[in-house]
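This report concerns only the one structure given below.
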Amino acid sequence: MPPEAWPSWLDHVWAKSPPRGGTQGETLAQHTWETLERLADFARLRPGLPGSLGLECLWRVLFWGAFLHDFGKVAAKFQEVLRNQGRWEHRHEVLSLAFLDWVVLGFSQSEQPWLVAAVASHHKDASELAELYDPPEDPEEDQLLAAVADLPDEDVRGLWRWLQSCSQRWVNDLGFDRLGVSCPPMYGDASQALALVRQSGVQRVHHWLRVYQRFVRQLRQGAAAREVTAALALRGHIINADHSASAHAGPLPRPRFDADRVLASRGLTWANLDAHQVASSETPGSAVLIAPTGSGKTEAGLLWAAAQGKSDGSPSRLFYTLPYQASMNAMKLRLDSTFGPADVGLQHGRSLLSLYRMLLEEGDDPRETARNARRARDLARLNYPPVRVLSPYQILKAMYRLKGYEAQLSDYHGAVFIFDEIHAYEPARLAMILETVAYLRENYGASFFVMSATLPTLVRERLKKALDAPTEIVADAAAYERFRRHRLHLLDGEVLTAGNLQRIAADARAGKSVLVVCNVVRRAQEVYGLLRRLLTHEGSHVELLHGRFHLKDRLAKEALVRESAGLASTSRRPVVLVATQVVEVSLDVDFDTVYSDPAPLEALVQRLGRVNRRGRHGDLAPVHIFREPADGQGIYSEELVGSGLRVLEKVNGREVDESAVGDWLDEAYAGAAAVAWEEEYEHSAGEFSATCVTAMRPFDADPALEDLFYRAFDSIEVLPADLHDDFFSLQDSEPIRANELLVPISWRRYCALRGLSLATPRDGDTPPVVHVPYNSELGLLFEGSGSSSEDDPGDC
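Numbering (this note's numbering), first residue to last: 263 to 1058.
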């Protein structure tokens, strides 16, 4: 609700155009009040932030910066633009600097640059403003002359009256007085204030722009890390407050991380927790958990997060990171039951489509569902929900200084992070992730909980360094004893040999649910075809799952597999699933046996974890690893595949003791394999640190780094030409669902197809199109296209 002290004399001055179909725009006072409300929310979330940053004036400069940030919008021609009556070629935030002298007497020389930055930086980067407003050689040609002249006298007096008569009440009403904010001495009276703007406005704008540019240069040229972090927080908070106000997001939800709430939502009690879960609930600060697959690591992580608020209140935010979109979607639904859907945001490349599908299950109006899905997606982008499910690559966007990075980073202050499935990242990307973890721990007071079933010592040592000697929690012997579920069998040859295919078919004929894991899509497609021919006439259902299906087909396949072999399914039936690595963490399934291509040990352990998942079978379930091909198939390190197989030879035919997996990994990551891993890790860590960490600075997104990021991390979604008509039919009826027909492929593969004239780039509303076959049984088929006979790691 707006306060009693209100500048009604400025109600004709708008900050925003009318909504579609409306006639009344949002007034400047309305938008400013809501911006200050949101800023107050963020300040209450982190009241001690000024002290931790060494910038005690933070809330004061942000309050007055937010109050003044849109004053330049009173320009007559800008008001005409909002009413769709003309054009305006100036930056309103630059014109707002003309009013800074009205309050600047209350700020010291060292504080003034921070106040200027709060006003000037809330839209454009510093480099853009410097280019736009470089003072001309001839003062008579200064573009600011016309901009300042366009400020109506009566509205300028109204702004001064607003500051004088309302600001102290607003400080008190919003609780900023308790954060050390007070009203500074005001400049003169209304007539003097107007005269200052009229006579010296242009010169004062240039003066403050010079102060701002000098401040930015100082930050770039060797400023202390703490000062850089403070400047990042300054811009991040003003952007978050302004954008949240513009979106009318409403009051910021306060996080509630409560251990009893976690247990109740999971149907657990303190009495039936495992020792590693209890230890997690009692651990302050960063920790690393190693426990078997299926032993309640998610609950352990949430209990740890709740424990971080015991001494000084709840953490500001909880970020739950996972490597794959399917597992992120599943985790979003799991956390909804604990925190409520509105308080759990989802952030990945397909989050809008995922949210749309989730919400569509609750209602039958596609248009309303689309609006709600976009709203949920946008609130997550505004750093609004207190709990966020995302991939580490979303966090890395801030390190690469993609647009909005300061707003993203500002939300990490005092946050807690849970990193699940840390084993899934190859050394180069793991290095970037852990360099980011160390940066956030050192500069943002963030805490981390890293958990996995499999961590070799060389990874654990890097974690210790990044987390500064975290607490290590390892599941006890009783937990590992309970998770003795498998008997290992190494098989000669490879999956494609006739004898091995017959072995798989025999298990299927015996009524078993069988998982077959191939390392690359092409191979999985071939194995699927052969098994279909062997089993189709015998009643066995064979399914194929990999990363080259569009989402609609993939979700249908996952639903079928969950119904047939899901851990919680009430209608289980035998199924043969041929899959790639997508099955390692994205499906909560429980097969009777597995046949797998050779792979690094940590990947194999995850694949075995899809079998006899809860010890349901009583006896040990047989699990099978082929000895060939042992060359890594262009996906994995040949050294790691070979060393893993040598380790497994020692336990061939015996039960798998998961408590020994750590020792297996250390043995596998020795010698040449360890040297290769460490060289790749250290090279990536050094390059990332120099490019992103030590070069971190505010007020300046970097297009060159953005290009590096997308080439390094992003796949590209393409439309198979076979689905062109279906796509555009859906575009008319349910445009969000049209994106279900897009297939992710690697950037490298896309470039190869373009080189062969088999791909066309995006054109307006048409996504990139690839002219290679697609069908719902096999997915996207590159074979025969000539794009490459090798499989791309990004296409698995």
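C-beta atoms are modelled at their ideal positions from N, C-alpha and C, and glycine is treated no differently.
Straight-line CA distance for residue i to residue j?
| i | j | result |
| --- | --- | --- |
| Glu-458 | Ala-380 | Note that residue 458 corresponds to Leu in the displayed sequence, not to Glu. So the two alpha carbons sit approximately 22 Å from each other. |
| Asp-852 | Gly-828 | 6 Å |
| Glu-1052 | Leu-729 | Per-residue confidence for Glu-1052 stands at a pLDDT of 47, beneath the threshold of 50, marking its modelled position as unreliable; the derived number appears in the next sentence. Near 38 Å, if we compare the C-alpha coordinates of Leu-729 and Glu-1052. |
| Ser-991 | Leu-641 | 29 Å |
| Lys-559 | Leu-551 | 8 Å |
| Gln-670 | Asp-536 | 36 Å |
| Thr-771 | Asn-502 | The sequence given here places Arg at residue 771; Thr does not occur at that position. Computed Cα separation, rounded: 59 Å. |
| Leu-664 | Glu-890 | 43 Å |
| Pro-1055 | Pro-689 | Residue placement at Pro-1055 cannot be trusted, given a pLDDT of 48 that sits under 50; the coordinates are not used to answer. |
| Ala-768 | Arg-834 | 19 Å |
| Met-713 | Cys-954 | 26 Å |
| Leu-436 | Trp-364 | 22 Å |
| Phe-950 | Leu-315 | 24 Å |
| Ala-338 | Gly-420 | 14 Å |
| Glu-920 | Pro-312 | 47 Å |
| Gln-286 | Gly-348 | 17 Å |
| Ala-485 | Glu-917 | 58 Å |
| Met-620 | Leu-307 | 29 Å |
| Leu-298 | Phe-325 | 7 Å |
| Ala-708 | Glu-979 | 33 Å |
| Gly-310 | Ser-578 | 11 Å |
| Leu-1043 | Arg-785 | 12 Å |
| Leu-866 | Gly-809 | 19 Å |
| Gly-761 | Val-844 | 26 Å |
| Ser-1135 | Glu-996 | With the chain covering 263 to 1058 only, the question about residue 1135 has no answer from this structure. |
| Leu-413 | Pro-264 | 26 Å |
| Val-433 | Ser-616 | 41 Å |
| Arg-1024 | Phe-438 | 48 Å |
| Val-699 | Ala-569 | 20 Å |
For residue i, which residues does DSSP report across the bridge?
| i | result |
| --- | --- |
| Tyr-857 | Val-778 and His-886 |
| His-751 | His-886 |
| Met-713 | Leu-551 and Asp-682 |
| Phe-581 | Arg-650 and Phe-679 |
| Asn-1037 | Gly-1041 |
| Pro-1006 | Glu-979 |
| Glu-805 | Leu-839 |
| Val-851 | Gly-828 |
| Thr-289 | Trp-276 |
| Gly-521 | First, the amino acid is wrong: residue 521 is Ala here, not Gly. For Ala-521, which the question treats as bridged, DSSP gives no partner whatsoever. |
| Ala-1103 | With the chain running from 263 to 1058 in the structure shown, residue 1103 is simply not present. |
How many whole angstroms separate the CB atoms of residue i and residue j, which I take to be in contact at a CB cut-off of 8 Å?
| i | j | result |
| --- | --- | --- |
| Leu-882 | Arg-765 | So it is not a contact: roughly 18 Å between Cβ atoms. |
| Phe-581 | Arg-650 | 5 Å |
| Arg-300 | Ala-507 | 5 Å |
| Gly-498 | Arg-322 | That belief does not hold up - the Cβ atoms of Gly-498 and Arg-322 are roughly 17 Å apart, past 8 Å. |
| Phe-975 | Tyr-586 | The pair is not a contact, with the Cβ atoms about 14 Å apart (cut-off 8 Å). |
| Leu-752 | Asn-914 | 5 Å |
| Trp-422 | Ala-452 | 5 Å |
Going by the beta-carbon positions, is the gap between residue i and residue j smaller than 9 Å?
| i | j | result |
| --- | --- | --- |
| Glu-929 | Ser-899 | no |
| Ala-677 | Tyr-706 | yes |
| Ala-492 | Leu-702 | no |
| Glu-639 | Leu-608 | First, the amino acid is wrong: residue 639 is Arg here, not Glu. Closer than 9 Å, so yes. |
| Arg-824 | Asp-850 | yes |
| Ala-830 | Val-778 | no |
| Ala-277 | Ser-427 | no |
| Gln-868 | Thr-583 | no |
| Leu-614 | Leu-750 | no |
| Phe-340 | Thr-294 | no |
| Leu-813 | Leu-1003 | yes |
| Leu-394 | Asp-332 | no |
| Leu-725 | Leu-927 | no |
| Phe-679 | Leu-514 | no |
| Gly-542 | Ala-533 | Per the sequence shown, residue 542 should be read as Ser rather than Gly. Cβ atoms of Ser-542 and Ala-533: not closer than 9 Å. |
| Ser-383 | Leu-496 | yes |
**Item:** Three-pair Cβ contact test at 8 Å for the region 725-743 versus the region 794-806
**Value:** No, the region 725-743 is not in contact with the region 794-806.
**Request:** Could you say if the region 630-640 and the region 932-940 meet the contact criterion of at least three C-beta pairs nearer than 8 Å?
**Result:** Touching, no, given that fewer than three Cβ pairs across the two stretches are closer than 8 Å.
**Request:** Report yes or no: do three or more beta-carbon pairs, one from the region 967-986 and one from the region 1029-1038, lie closer than 8 Å?
**Result:** Verdict: yes, contact present.
**Item:** the region 524-535 contacting the region 348-356, beta-carbon criterion three pairs below 8 Å
**Value:** Verdict: no, contact absent.
**Asked** Do three or more CB pairs link the region 460-478 to the region 366-383 at distances below 8 Å?
**Response** Yes: the two stretches touch, three or more of their Cβ pairs being nearer than 8 Å.
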